[in-house]
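Numbering (the numbering used here), first residue to last: 9 to 285.
Below: the structure, in structure tokens.
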């Protein structure tokens with residue numbers, strides 16, 4: 009019996025040591041991340057001119073508190089500008105959108121699995137042009153242990169994308185991800201993600217009701233910041249096929265292709281900023 013207990017104790021210690029080497033998102037209370045996003049959208053809807061858009065966004069992600077394995081986050085769009093043109097030669101620019109300053113609350117585990125999410129308290133439809141179905145900055149990790157040696161994992165999740173619009177879009181997501189490169193000390197440096205999702209975005213106002221139904225194929229590469237264990241660079245390519253259904257039962261089909269790059273420019277903790285290069 010003593011030998012069996014000793015064996016179980018050693019196994020417990022070994023498991024604890026192994027767990028300590030598992031990669032998880034490393035946010036701590038008080039940390040603020042600033043991301044600069046550059047994205048290009050091409051949107052084609054049957055019967056309409058093709059829209060080309062280049063947008064620049066600035067997002068903040070703040071960790072308000074940590075309780076055990078649970079992170080309490082605030083994500084805010086701080087800046088947005090865009091240059092738009094159409095296949096017929098029309099051009100326009102946006103210097104500001106109503107979503108700037110709206111803060112969404114997200115509760116997730118250190119593995120990036122959302123537990124709860126809360127939309128801003130606003131009275132009408134609002135959102136980020138081109139980004140209603142945008143990617144998560146902190147993608148879901150394996151529920152087990154994420155380590156080097158090309159670890160792979162599959163995640164199926166239902167996510168409500170409160171950071172991008174109100175009312176928010178909902179996605180049934182499936183990720184196939186892997187650790188693709190590591191530092192000499194076995195710290196993961198690069199994660200790649202292949203995503204297949206289906207979802208919808210429904211809007212009802214006093215004047216109209218419309219639903220957008222999508223299927224998404226996407227691929228992303230995430231370069232990690234080793235000191236903070238957060239994304240330093242996220243490159244994401246999306247192909248979205250959709251149809252829009254209005255309350256008069258009229259349906260329009262289209263597709264959107266988006267190339268997005270999010271770069272971590274600042275990390276601050278305890279009022280001490282750290283610039284990324």
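Positions of the beta carbon are idealized from the N, C-alpha and C atoms, including for glycine.
Environment of residue 361 [buried if 16+ CB atoms lie within 10 Å]
Nothing can be reported for residue 361, as the shown portion of the chain is limited to 9 through 285.
If the criterion is Cβ atoms closer than 9 Å, does the pair residue 125 and residue 167 meet it?
Closer than 9 Å, so yes.
Three or more beta-carbon pairs under 8 Å between the stretch 106-116 and the stretch 69-84, yes or no?
Verdict: yes, contact present.
Tell me whether the stretch 130-145 and the stretch 168-181 touch, counting them as touching only if at least three CB pairs, one residue from each stretch, are closer than 8 Å.
Taking 8 Å as the limit for Cβ pairs, the verdict is that the stretch 168-181 does touch the stretch 130-145.
Residue 69 to residue 41, Cα distance in whole Å?
The alpha-carbon separation between residue 69 and residue 41 amounts to approximately 5 Å.
In terms of DSSP beta bridges, what is residue 133 paired with?
BP columns for residue 133 are empty, so no partner.
Residue 228 in three-state terms, based on DSSP:
Three-state result, residue 228: strand.
By how many angstroms is the C-alpha of residue 210 removed from the C-alpha of residue 121?
Between the C-alpha atoms of residue 121 and residue 210 there is a straight-line separation of about 24 Å.
DSSP state of residue 103 mapped onto helix, strand, coil
Three-state result, residue 103: coil.
CB of residue 181 within 9 Å of CB of residue 163, strictly
Residue 181 is a Cβ neighbour of residue 163, given a cutoff of 9 Å.
Quick one: what does DSSP say residue 186 is sitting in, helix, strand or coil?
Three-state result, residue 186: strand.
For the pair the stretch 256-263 and the stretch 228-242, tell me if three or more CB-CB distances fall below 8 Å.
Contact fails: fewer than three Cβ-Cβ distances are below 8 Å.
Classify residue 31: buried if its beta carbon has 16 or more other beta carbons within 10 angstroms, exposed otherwise.
Taking every protein chain shown into account, the CB of residue 31 has 16 or more other CB atoms within 10 angstroms, so this residue is buried.
Is it the case that the Cβ atoms of residue 275 and residue 233 are separated by a distance below 9 Å?
With a cutoff of 9 Å on beta-carbon distance, residue 275 and residue 233 are scored as near each other.
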